[in-house]
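In our numbering, the protein residues as written are 61 to 125.
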């Protein structure tokens with residue numbers, strides 16, 4: 061991960077950390093979320109399942125209110 065930052069700096073931003081770690085950059089460097097040019101983060105694996113479950117619960121609570 062340290063190498064990703066070094067590569068980004070060495071290339072003056074031509075190669076970004078999210079280019080080097082497209083699947084988990086947002087988990088490693090959350091401060092980059094919303095940065096200019098940053099791709100939209102996506103969830104995978106267990107975190108995606110948890111997020112989906114939480115979303116379902118929220119929808120049920122909202123419907124019951």
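Ideal Cβ positions, reconstructed from N, Cα and C, are used throughout, including at glycine.
Could you give the distance in angstroms between the alpha-carbon of residue i and the alpha-carbon of residue j?
i: residue 93; j: residue 101; result: 7 Å
i: residue 123; j: residue 97; result: 37 Å
i: residue 79; j: residue 95; result: 13 Å
i: residue 74; j: residue 89; result: 18 Å
Using the three-state DSSP reduction, which class does residue i fall into: helix, strand or coil?
i: residue 93; result: coil
i: residue 84; result: coil
i: residue 98; result: coil
i: residue 74; result: coil
Assuming residue i contacts residue j (C-beta within less than 8 Å), just tell me the rounded distance between them.
i: residue 68; j: residue 77; result: 5 Å
Nearest to residue i by CA position, among the options, is which residue?
i: residue 86; options: 75, 99 and 70; result: 99
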